[in-house]
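Protein chains: 2
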Amino acid sequence: MTSTDDQRNGATGATVDDSAKALRHAMSGLSGPEATGWTGTVRPAGTPGQGAKVLILGAGVAGLTAAYELSMLGYRVTVLEAQERVGGRNRTARRGDEFYELDDHGTVTRTHTCAFDDGLYLNLGPGRIPYHHRRVLKYCRDFGVDLEPYVMETTANRVRPPDAEVTWPNRRVANDTRGHLAAKLAETLLSMDAFTGELRDLLRVFGALDTNGKYRGSTRSGYLDRPGIEEWPEPAPPLSFEDLVNSGFWKARFYQPVDYLWQATMFQPVGGMDHIVRALAREAARAGARIVLGAEVREIEIDRGGRGTTVTYRKGDDEFCADARHCVSNIPIPVLRTVGLTRFSHPFEQALDLVQFEKTCKVGWQANRRFWEGDLGGLDDTEGIYGGISWTGHNITQMWYPSNDYFSDKGTLTGAYNFGGAADTLGKMAPDKRLGLAREGAVQLHREFEDRKLVPDEQGVSIAWHKVPYQLGGWAAWQPHEEAHKKAYRQLLQPEGTDAFFVTGDQISPLPGWQEGAMMSAHYVTQQILGIMPLTAPEEVAVPDSVALTQGLY
Amino acid sequence: MTSTDDQRNGATGATVDDSAKALRHAMSGLSGPEATGWTGTVRPAGTPGQGAKVLILGAGVAGLTAAYELSMLGYRVTVLEAQERVGGRNRTARRGDEFYELDDHGTVTRTHTCAFDDGLYLNLGPGRIPYHHRRVLKYCRDFGVDLEPYVMETTANRVRPPDAEVTWPNRRVANDTRGHLAAKLAETLLSMDAFTGELRDLLRVFGALDTNGKYRGSTRSGYLDRPGIEEWPEPAPPLSFEDLVNSGFWKARFYQPVDYLWQATMFQPVGGMDHIVRALAREAARAGARIVLGAEVREIEIDRGGRGTTVTYRKGDDEFCADARHCVSNIPIPVLRTVGLTRFSHPFEQALDLVQFEKTCKVGWQANRRFWEGDLGGLDDTEGIYGGISWTGHNITQMWYPSNDYFSDKGTLTGAYNFGGAADTLGKMAPDKRLGLAREGAVQLHREFEDRKLVPDEQGVSIAWHKVPYQLGGWAAWQPHEEAHKKAYRQLLQPEGTDAFFVTGDQISPLPGWQEGAMMSAHYVTQQILGIMPLTAPEEVAVPDSVALTQGLY
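Chains as they are written, first to last, in our numbering: chain A, 1 to 554; chain B, 1 to 554.
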C-alpha cells in the first residue's frame, strides 16, 4: 500500500503496512504528551471500492463524512436521510426554519417557526470546534469553510452561583478564588517557615499575593473605579472567601473552560455551523454519492450470508427497497431501536437497548441591540461582553454571547443550554413557557431581558433535542465504569453479519456530542469496510465519560 | 451646558455641570466594582472653539484624537508631524516600508526595508485592544474600523522557562502548577482534618484533584496519546512540581495574560493596527484639521502673556513659524527635550528632564508556511497554535503568533518583543545580527526556524523603538513610588503659560504604552482647553506603574 495525496480534495494519505496492529497505532496517532489528535484517514491509493454498493443511513456529520470518504474510494454510495435537510444535530436556525417535536402521544408536531431577522442565525447543535479536533478543522480547510474564533470565556462574563442570589463578573470569581487559595497555602507555608525562595515567588505571582503572602485583591479582578488621568484605579475589593465558598459557584460549571475540550483557541464557521454539513454534502455528491432526503428507514435486513443488507424505507407515501454490500447506520441509537431489524445478533440488540441518549435543550434569543457589548461612549458604559458564557444555577444553566459580528446592531444569544433534569423540565414545556422560564434566568444575568421589545418573545426559539424526531437526544450517555456499557460499546464497534452493517456517529466514539467524534467514527468504519481495520474490536475498550466530555469535570 | 448627540460622528455627549468636581467625577466615570472605563468625551453643545487656533505637535494617537475632538468643537486645528506618515508608534509594517534608526553618532540612517509578501503585515507598535479600553473601541466602531479577536493565549502556546532547557506547552505548565498547588493546600487541610465539605469540593474542581486530594495529572494538560475509537487517552503525565518550580517559568511573564489588561476578549483591527490612525486622521481632516507631514518642530515659544504660542518648524529645507492660541504637544518627552523651549517654567523643564522612555524592540518574521498551525491531516500533525504568545527566558522574551488569516498559507510572527536590558542588547545590534539572535530564540521554541527558506532572513524586520527618530522609546517609564515622579507627573498634567501649552499622549496617562491612555489624555487636554476641566491638577495624583502596565505583575 502506498501513500496517496489527492490535491483535489486535500486528503493526505499515509504509508501504512497491512497489519492491524500498525493500523491501530496509526489510527491512534503518534505517542507522547505533545500528541493532540491526528486528522487523516488512512486512505489507500486508487479506488478499492470497485463500485461496491454502500447504503448510509442518516446524513449527520458521520454519515456525510463516510459518504464522502467511501465515494472517494470508489464505492457507490447512497445516503438515506429521513429529514428534509442534511446535518442531523448540526443545525443552525435562521428565519423561516420550522421546528418539530414529538408531542406526549409521540406525534410529530410543528412547534414554532424561527422569526429571526434576515441575516441572523444561531447554532442549536454543536457550536464550537477545539483546536485539537483536527479532522473537523481539516475538512473545513479543505472544503473552504471559513472559520473564526469562538470565544469560550471572557472575564466580563457573569456568574450566578447556585447557592447565592448574586451576579458576579467572571474575573472576580476566578481571580479572587485563586488569590484566596494561594493565600491559604502561603499561610500554612509561613507557619512551617516554608514561604521562601522560588516557591514563595511563584505563589505570589500565581495568586497576586502581597509580600506577606496575603491576598488583598488585585486588578486581575478589575477596578473599583474607572481609571482617570489623575488617579490610577484601586483593584475591585476582593469577594470574601466565605462568600465564594458558600455560593457554590464552581457547581455551575465555572471551570468548564479550563478543560482541554474548551481551551482557547476554539473556532466556529463564519455564518453558521451548518456550513460544515453543507460542504460535506456538496463534496460527497461531487464524489458521486447520492443523498435522498425524506427517506425514513423502516426495516433493515441482513442477508443470510451476512455479506449484504436490504433496507426498506418510506419516502412520501411510497415504500422502497434498497440493497447494498455494506450498510452504515448513522441513525441515533434510540431511533434505530424503533426500526425493524432482521437477522441482527442478540448482543447487538442488547447493546442498542442499553444506550440512552442525554436530554438537552437550547433556547435562542434575538436581541435588537447588543446591550451586553456595552453602550460605547455612554456614561453607563460599564460592560463589554464579547462572546463567552455566563454560568448560572438557574434552569437555563448557561447563556452564550455571540462570537460573531461584534459591534453590529443586533445579535442572537443562546439563552439556555441545559442537561438532565433541567432539560427534562424545560423540554416538557410548550415553547412559549420555555421562553418564559428562560427569560427569568436571563433577567438574573441581565436586567435588559425584562424589555420584551429589546428581546422579543416572538423571535425566541427553543429545541428539546430529546423530543426531536429522528434525533431523540443530544448524545449517547456513556458511563465509563459500567461493565454493561463496556460490553455495549465494544459490541457496537463491530459490524453485524460478517461485514454487512456498521454503526457510526459520535454515539460510538470517544467524543460523544462532538463532530470530531462523528468524523473519527466515520473514518474507523471506512477502514473496517476497506478491510484494513479489524472487524473485531479489542477485548478491552475504553468507554467515554459523556458527562465530563460534554459538560466538564464537575 | 446641555447634552449633544452628533449622529454623524457617533459621539455621545453628556450633561455635566460646570463645577470641576462634578467634571472630575464624570471623567473618572461611575463608581463601583463593575465600572470598567468610560469612553466618552464630555463634549458640550455647539462649537465653543469659535475658530480659535490650535497647533498640535505630533500626529500620534493622542495628537490625532485631540485634532479630531478640537476640530469638532470649532477650533481651527493644524497638526505638525515630523515624519512622512501619521501614527507615531502605531505602526504596521508592510512591503516596501523603510526603517530608520539613529546610529551611534545620532545620525538618522535607513536600516532596512520591509520585504514581506504583498498582503502580509505586522503591527510593530500597539498590537491589541482590551475589551475595557472603551475609547479605542468606540472610535473604531464610529469610524468603521473592523475589529477581530486578538488571541492573547492559547493553551497550545509554548513556554521556555528561564532556568531550564525545556519547552513545555502552556496547558501543562498552567494546569500542572495549579494542580500541584491545590494538592499542597489539600495536604495541609487534610493534616488539620479540614479537607471537607464545600472547600474540599471547590479545591478538587479547582485543581483537578482526586478524591484523596492528590494531583495525578489531568486532561486539562492535554493527552499522553491521541484519542482513538477504542481507547480514551490518558492525561499527559504531570510535570513534577520540582521541575516546575526550578524552571522559574513564571519569571518569563507566563501569568501576564491573567492581568486585566490582557484578559479575553481582546481585539485587533482587521488588516493592521494602523487602520485606527488612518481613520482618526481621515476624520480629523474631515472635521477641518490640517495635517502637515514632514514638519519637524525646532522651537516653541510661549507668548509673554502666557495665552499663546509660536512654533518654529522645519519642512524640507525651509523654516516656518506658526502661532496659535493653544498648543498641544504629542511629542514624546525625550524628543521634546531636544526642542528649543522659550518661557517654559523651570518645574516643567525639570519634569521633562526626569521622564525616561523604556527601551523596547520588536522583530518580525515572514513564514512561508504557517507551520505552528500544524500539518492538518499529516501523521505528524501534533500542533495547532492559533494566536497567542510563547514565553521564553531568551532575549526575544516572547513570540506572537498571528490572530488573523488562520489556516491560510503564509503568515507573519512577532519574533521578539523585549524590554530593558534585553532590548538594549538587541537594539545595539545591526538588523541582520538582531535577526540572528532572534532566530536562535525562535529555534528553541520551534525547530522549523532552522529552515531559512521557510523563514527567510531577507523578509525579517526589526525595530528598536528607543533608536527611532522622533520616538526615542516605547513609553514613559513611570515609577509610582518615586516622589520625583509624582511631582513630574503632576507638573505635566498642567499647561505652561496660562493655558498656552499642553502635553498629551499615553506618556501622561494612567496607561503608558496603550492607545487608550493616549485617547484618555487627549480628552483630558481637550477639556482643559474648553475650560471645563481645571488647569491645575490635584495635589495628589497617582503615577502609573509602567512595568506592570506593559509587562504584567511579575
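All C-beta atoms, glycine included, are put in the ideal place defined by N, C-alpha and C.
Burial state of residue i, where buried means 16 or more other Cβ atoms lie within 10 Å
i         : result
A:His-394 : buried
B:Gly-272 : buried
A:Val-166 : exposed
B:Gly-32  : Any reading at B:Gly-32 needs caution, since the residue's pLDDT is 33, under 50, leaving its predicted position unreliable; the model's value is listed next. B:Gly-32 comes out exposed.
B:Glu-283 : buried
B:Val-86  : buried
B:Ala-484 : exposed
B:Ser-408 : exposed
B:His-466 : buried
A:Ser-240 : exposed
A:Val-136 : buried
A:Ser-191 : exposed
Option in the options with minimal Cα separation from residue i
i         : options                                    : result
A:Ala-279 : A:Ile-508, A:Ala-518, A:Asp-142            : A:Asp-142
A:Gly-497 : A:Ala-59, A:Thr-167, A:Thr-265, A:Thr-342  : A:Thr-342
B:Asn-175 : B:Val-151, B:Ala-194, B:Ala-59, B:Val-205  : B:Val-205
B:Glu-187 : B:Asp-225, B:Asn-212, B:Arg-172, B:Glu-84  : B:Asn-212
A:Ala-367 : A:Ser-345, A:Pro-402, A:Leu-376, A:Glu-234 : A:Pro-402
A:Gln-356 : A:Trp-365, A:Trp-478, A:Val-547, A:Asn-246 : A:Trp-478
B:Lys-453 : B:Lys-410, B:Gly-420, B:Trp-475            : B:Lys-410
A:Asp-225 : A:Glu-516, A:Ala-236, A:Phe-254, A:Gly-552 : A:Ala-236
B:Cys-321 : B:Glu-299, B:Lys-487, B:Pro-334, B:Asp-274 : B:Glu-299
B:Val-335 : B:Leu-472, B:Pro-480, B:Arg-304            : B:Leu-472
B:His-105 : B:Ala-476, B:Pro-469, B:Pro-512            : B:Pro-469
A:Gly-179 : A:Leu-492, A:Asp-118, A:Gly-420, A:Leu-244 : A:Leu-244
B:Arg-286 : B:Gln-528, B:Ala-67, B:Gly-421             : B:Ala-67
B:Arg-220 : B:Gly-306, B:Leu-376, B:Arg-171, B:Gly-374 : B:Arg-171
A:Tyr-131 : B:Lys-428, B:Asp-381, B:Thr-312, B:Ala-281 : B:Asp-381
A:Gly-248 : A:Gly-125, A:Trp-391, A:Gly-384, A:Asn-330 : A:Trp-391
B:Arg-351 : B:Phe-116, B:Leu-492, B:Pro-161, B:Gln-50  : It is Ala, not Arg, that sits at residue 351 of chain B in the sequence shown. Nearest C-alpha to B:Ala-351: B:Leu-492.
A:Ile-331 : A:Leu-549, A:Ala-518, A:Glu-148, A:Cys-140 : A:Ala-518
Per-residue DSSP class, three states only, for residue i
i         : result
B:Leu-189 : helix
A:His-326 : strand
A:Trp-232 : coil
A:Asp-353 : helix
A:Val-86  : coil
B:Tyr-406 : coil
B:Asn-123 : strand
A:Ala-620 : Residue 620 of chain A cannot be examined here, being either before or after the span of chain A that is shown, 1 to 554.
Under 8 Å by beta carbon: chain B residues contacting residue i
i         : result
A:Glu-198 : Val-245, Asn-246, Gly-248
A:Arg-171 : Tyr-260, Gln-263
A:Ala-537 : Glu-230
A:Thr-177 : Leu-202, Phe-206
Neighbouring residues, chain B, relative to residue i (Cβ below 7 Å)
i         : result
A:Trp-232 : Pro-510, Ala-542, Pro-544
A:Thr-312 : Under the 7 Å cutoff, chain B gives no residues; its nearest Cβ is about 29 Å from A:Thr-312.
A:Ala-156 : Tyr-131
A:Tyr-386 : Tyr-131, Thr-265
Closer than 8 Å at the beta carbon, the chain A residues around residue i
i         : result
B:Pro-495 : Going along chain A, no residue has its Cβ under 8 Å from B:Pro-495, so there is no contact; the nearest lies around 13 Å.
Partner residues on chain B for residue i, Cβ-Cβ distance less than 9 Å
i         : result
A:Leu-293 : Near A:Leu-293 there are no residues of chain B at all, since even the closest Cβ is about 29 Å away, more than 9 Å.
A:Pro-126 : Correct list: empty, because the minimum Cβ distance to chain B is about 17 Å.
Amino acids of chain A, ordered along the chain, whose beta-carbon sits closer than 7 Å to that of residue i
i         : result
B:Leu-559 : A question about residue 559 of chain B goes unanswered here, because the residues of chain B that appear run from 1 up to 554.
Within chain A, partners of residue i - CB distance below 9 Å
i         : result
B:Asn-181 : The sequence shown places Leu at residue 181 of chain B, not Asn. Here the neighbours are Leu-181, Ala-182, Leu-185, Leu-202, Leu-203, Phe-206, Gly-207.
### Message
Against chain A, which members of the region 263-280 of chain B pass a CB distance test of less than 7 Å?
### Response
Gln-263, Ala-264, Thr-265
### Task
Give the residues from the region 517-530 of chain A that approach chain D closer than 8 Å (Cβ to any Cβ), ordered along the chain.
No chain D is part of this structure, whose protein chains are labelled A and B.
### Message
Please list, in chain order, the residues of the region 407-434 of chain A that have any C-beta partner in chain B closer than 8 Å.
### Response
Of all residues in the region 407-434 of chain A, Phe-407 have a Cβ within less than 8 Å of some Cβ in chain B.
### Query
At a Cβ cut of 7 Å, what residues of the region 131-154 of chain A count as close to chain B, listed as they run along the chain?
Under the 7 Å Cβ criterion, the region 131-154 of chain A contributes Tyr-131, His-132, Arg-134, Leu-137, Lys-138, Arg-141, Leu-147, Pro-149, Val-151, Glu-153, Thr-154.
### Query
Mind listing which residues of the region 184-197 of chain B have their C-beta closer than 7 Å to chain A's C-betas, in chain order?
Against chain A - using a Cβ distance shorter than 7 Å - the residues of the region 184-197 of chain B are Lys-184, Leu-185, Thr-188.
### Task
Name, going along the chain, the residues of the region 205-233 of chain A whose beta-carbon falls closer than 7 Å to a beta-carbon of chain B.
Val-205, Phe-206, Ala-208, Thr-219, Arg-220, Gly-222, Tyr-223, Leu-224, Asp-225, Arg-226, Pro-227, Gly-228, Ile-229, Glu-230, Glu-231, Trp-232
#### Entry: Chain-ordered residues of the region 444-465 of chain B with a beta carbon less than 8 Å from chain A
none
### Task
Give, in chain order, every residue of the region 92-111 of chain A whose Cβ lies closer than 7 Å to some Cβ of chain B.
For chain B, none of the residues of the region 92-111 of chain A brings a beta carbon within less than 7 Å of one of its beta carbons.
### Under 7 Å (Cβ pairs) to chain A, residues found in the region 41-67 of chain B
none
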